[in-house]
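> Got a structure here, written out as structure tokens. Questions coming.
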Amino acid sequence: MPELPEVQTVVNGIKSKLIGSKIKDTEVFVKKLRYPVPINLKNKINKSSLLDVERRAKYIILRLSNDYSLIIHLGMSGRIIIDKKKEIKSIKHTHFQLHFSNDLLLQFIDPRRFGCILLRETSKLLEERLLKYLGVEPLDKSFNYKYLHEIASNKTSPIKSIIMNQKYVVGVGNIYASESLFLSNISPFKIGSKLTLSESDRLVRSIKRVLKKSIQMGGSSINDHTMISGKLGHYQNKLQVYGRDGQKCRNKSCQLPIIRIVIAQRSTFYCSSCQK
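First residue of the sequence shown? That's 21 in the working numbering, and the numbers climb one at a time after it.
Given below as structure tokens:
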């Protein structure tokens, strides 16, 4: 599933190509993805201009000039491609297309159909149930060591589960939780209430560092993620533990094999020596 860096990469790409352009036509090829696609979508958004693009958690929000906003979630396998109409190829599993006045075409491709496209009045975005109860953004100042220590202090669940819980902090999925915990030398199984202030500080710094670096490198193209150009991201080449089970730890003073444990159908990757 695309995590925060992959979604932010898409947002940055849309901003660079489409801000200020008008939607000339809308094509919808399916009635339902994760949720039904709005039946009045074409009539509502055609001839409106794209004013801004932002990310909230793993949601992409396209703010339009007609006081409506499109909310897009990439789901497990979704991606967005933008190119000139005459150069873009027909791609299997394309469910939604926006034709823009600058001769660019935005395609939403989702083989597994777990993504979604919603239309909401911009003034009511804060009331949207998918956005209303989300936690803090990990790259905001509000996500700091005091905040993390406070929310973890009364938890008996592992710290990895806490930082992946969207009620507390958004966008940190399995890849970046594993990587951040390794960078901060904290075991993914450490109970939240046992986390010290010093460890909270290290972990928050690590999360921010890992996410920022991944965004700079276009995200991690492990399964389906591509940038809007269709090119792959590069952060997967920098991964320290995720997907490296059985391989040597990258810490030169260690070099024990990375361990993979599956809990509730989710893989956890870590170094038993470096992470305590």
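Every residue, glycine too, gets a C-beta built ideally from N, C-alpha and C.
Assign Val282 to one of two classes, buried (16 or more other C-beta atoms within 10 Å of its C-beta) or exposed (fewer than that).
Here residue 282 refers to the residue found at position 262 when the sequence shown is read from its first residue. By the 10 Å Cβ count, Val282 comes out exposed.
> Considering just the uninterrupted stretch of the alpha helix (DSSP H) at Ser218, what are its terminal residues?
Counting from 1 along the sequence shown, the entry for residue 218 is found at position 198. Per DSSP, Ser218 belongs to the alpha helix (DSSP H) from Leu217 to Gln236.
> With respect to the alpha helix (DSSP H) encompassing His93, which residues constitute its N-terminal and C-terminal limits?
Position 73 of the sequence shown, counted from the start, is the residue given in the question as residue 93. That residue, His93, is in no alpha helix (DSSP H); its beta strand (DSSP E) goes Tyr88 to His93.
> By Cβ distance below 8 Å, which residues in the same chain neighbour Tyr196 in space, the five residues on each side in sequence not counted?
As a working note, residue 196 is residue 176 in the sequence shown. So the qualifying residues of the chain are Glu23, Leu24, Pro25, Ile227, Val230, Leu231 and Ser234.
> Check for me: the beta strand (DSSP E) holding Phe128 runs from which residue to which?
Your numbering for residue 128 matches position 108 in the sequence shown. Residues Leu124 to Ile129.
> Which full runs of the alpha helix (DSSP H) of 4+ residues lie inside the stretch 50-90, going along the chain?
61-65, all fully within the stretch 50-90.
> Drop a sphere of 10 angstroms on the beta-carbon of Cys274, count the other beta-carbons inside from all chains shown, and report buried for 16 or more, exposed for fewer.
Position 254 of the sequence shown, counted from the first residue, corresponds to residue 274. Result: exposed.
> What runs of the beta strand (DSSP E), each 3 residues or longer, lie entirely inside the stretch 169-218?
List check, beta strand (DSSP E) in window: nothing returned.
> So, are the CB atoms of Arg149 and Leu53 less than 7 Å apart?
One-based indexing of the sequence shown puts residue 149 at position 129. One-based indexing of the sequence shown puts residue 53 at position 33. In this structure, Leu53 does not lie closer than 7 Å to Arg149 by Cβ.
> Could you say if the stretch 184-200 and the stretch 129-145 meet the contact criterion of at least three C-beta pairs nearer than 8 Å?
Output reads no: the stretch 129-145 does not touch the stretch 184-200.
> Would you kindly check if the distance between the Cβ of Lys37 and the Cβ of Leu124 is under 7 Å?
In the sequence shown, counting from the first residue as 1, residue 124 sits at position 104. In the sequence shown, counting from the first residue as 1, residue 37 sits at position 17. It is a contact, given that the beta carbons lie within the stated cut-off.
> Have a look at the DSSP bridge pairing and note the partners of Leu138.
In the sequence shown, residue 138 corresponds to position 118, counting from 1. According to DSSP, which records beta bridges pairwise, Leu138 is partnered with Ile91.
> If you count every other CB in all the chains shown that lies within 10 Å of the CB of Asp130, and 16 or more means buried, which is it?
Sequence index remark: in the sequence shown, residue 130 carries index 110 (1-based). By the 10 Å Cβ count, Asp130 comes out buried.
> Taking the alpha-carbon of Asn271 as reference, which of Ile211, Ser204 and Lys166 has the nearest alpha-carbon?
Working through the sequence shown from its first residue, we reach residue 271 at position 251. Of the candidates Ile211, Ser204 and Lys166, the one whose C-alpha sits nearest the C-alpha of Asn271 is Ser204.
> When the Cα of Tyr167 is compared with those of Leu90, Gly155 and Ser177, which residue comes out closest?
For the purposes of this step, residue 167 is identified with residue 147 of the sequence shown, where counting begins at 1. Comparing Cα-Cα distances from Tyr167 to each of Leu90, Gly155 and Ser177, the minimum goes to Gly155.
> With DSSP as the reference, please indicate the residues paired to Ser287 in a beta bridge.
The residue labelled residue 287 in the question sits at position 267 within the sequence shown. In the DSSP output, where bridge partners are listed per residue, Ser287 has Val282.
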